[in-house]
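Notes for the one structure printed next.
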Amino acid sequence: MVAIFFRTLVIYLVLLVCMRLMGKRQIGELEMSDLVTTILLSEIASLPITNHDIPVMFAIVPIITLLTLEVFVSVLLIKIPALKRILTPSPNFIIDRGILQQRELRRLRISNEEFICGLRQAGVFDINEVYYAILEENGKLSIVPRSACRQPTSSQLGFTIAESGTDHILISDGRLDVHGMSRLGFTQKELDLYLKGRNCSLSEVFLLLYNDAGDLTLILKEGNK
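Residues 141 to 365, numbered by the working numbering, are exactly what the sequence shown covers, in order.
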């Protein structure tokens with residue numbers, strides 16, 4: 141049991157480092173090469189854990205080899221676009237300028253039910269509202285609605301709205317987020333003064349968020365008001 145524990149720990153750490161080095165693209169989007177690499181990694185990693193006769197290095201070496209190949213191929217595809225068109229599938233226009241491409245659906249072997257389901261998952265419930273429906277390289281469906289069905293922007297309505305960006309964490313579960321504070325230029329003294337003005341302590345804070353418009357959002361822990 142001890143041997144299995146340490147073998148599992150070593151393989152886990154090696155896989156964790158390799159996936160980190162491969163980058164977020166392999167985690168967020170599984171393209172064809174990514175899927176093959178993921179399947180191979182899972183198979184290789186399980187061998188020395190379940191079979192004590194196989195040395196751990198017999199798994200580490202192929203894992204590092206796959207990592208090297210994945211990084212090399214990724215760089216190669218960026219440097220040589222023509223190679224990317226050969227090795228990876230191109231986006232497919234299932235609805236092109238408002239017209240459903242029936243031949244394209246049949247070629248991709250996508251049933252009508254699957255396509256309508258994909259539209260619903262993309263937030264579209266009326267096919268007549270779609271100008272473009274594009275099946276991307278990673279299998280996700282991108283939708284471009286018709287102009288008449290798009291929500292007007294603030295600039296089109298003549299309004300000027302300050303950019304709020306996104307929320308950044310300053311305090312999480314009673315602990316200061318040093319990275320977030322440093323990135324946004326906050327000091328602990330400034331946060332202490334803010335909390336004092338709100339009559340609460342650091343330990344009572346569940347979340348303190350800051351957005352690009354300069355707004356602070358304070359959420360206290362349950363039971364603290």
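The beta carbon of each residue, even a glycine, is placed where N, CA and C say it ideally should be.
Three-way DSSP call (helix, strand, coil) for residue i in this model
i             : result
threonine 357 : strand
serine 312    : strand
serine 230    : coil
leucine 345   : The sequence shown places valine at residue 345, rather than the leucine named in the question. DSSP places valine 345 in strand when its eight states are reduced to three.
serine 282    : strand
threonine 190 : helix
glutamine 166 : Summary for glutamine 166: the model assigns pLDDT 43, below 50, so the residue's position carries little reliability; its value from the coordinates is reported in the next sentence. Of the three classes helix, strand and coil, the one that applies to glutamine 166 here is helix, per DSSP.
threonine 300 : coil
Identified DSSP bridge partners for residue i
i             : result
aspartate 236 : Ile239 and Tyr272
tyrosine 350  : His308 and Leu356
For residue j and residue i, believed in contact at Cβ under 8 angstroms, the rounded distance
i                 : j              : result
leucine 206       : leucine 180    : 6 angstroms
isoleucine 274    : proline 231    : 5 angstroms
isoleucine 301    : serine 294     : 5 angstroms
phenylalanine 346 : lysine 361     : 5 angstroms
leucine 245       : histidine 308  : Incorrect: roughly 43 angstroms between the Cβ atoms, too far for contact.
glycine 320       : leucine 333    : Going by Cβ atoms, the distance from glycine 320 to leucine 333 rounds to 17 angstroms, so no, they are not a contact pair.
threonine 305     : asparagine 268 : Threonine is not the amino acid found at residue 305; the sequence shown has glycine there. About 35 angstroms separates the two Cβ atoms, so there is no contact after all.
valine 284        : tyrosine 272   : 4 angstroms
Buried or exposed (CB count within 10 angstroms, at least 16 for buried), residue i
i                 : result
valine 270        : buried
leucine 379       : The chain is shown from 141 up to 365; residue 379 falls before or after that span and cannot be answered.
glutamate 210     : buried
leucine 223       : exposed
isoleucine 194    : exposed
isoleucine 359    : exposed
proline 188       : buried
alanine 103       : Residue 103 is absent from the structure shown; the chain starts at 141 and stops at 365.
phenylalanine 198 : exposed
phenylalanine 255 : buried
threonine 177     : buried
Cutoff 8 angstroms: residue i Cβ touching any chain C Cβ
i          : result
valine 215 : Of the protein chains in this structure there is only one, and it is not chain C.
Practice task
Examine the Cβ distances between the segment 234-243 and the segment 201-211 and report whether three or more of them are shorter than 8 angstroms.
Solution key: They do not touch, by the three-pair rule.
Handout entry: Contact the segment 279-292 vs the segment 324-341: 3+ CB pairs below 8 angstroms
Key = Because the criterion of three Cβ pairs below 8 angstroms is not met, the segment 279-292 and the segment 324-341 do not touch.
Exercise for the section: Give a yes or no on contact between the segment 307-325 and the segment 334-344, applying the rule of three or more CB pairs nearer than 8 angstroms. Expected result: yes
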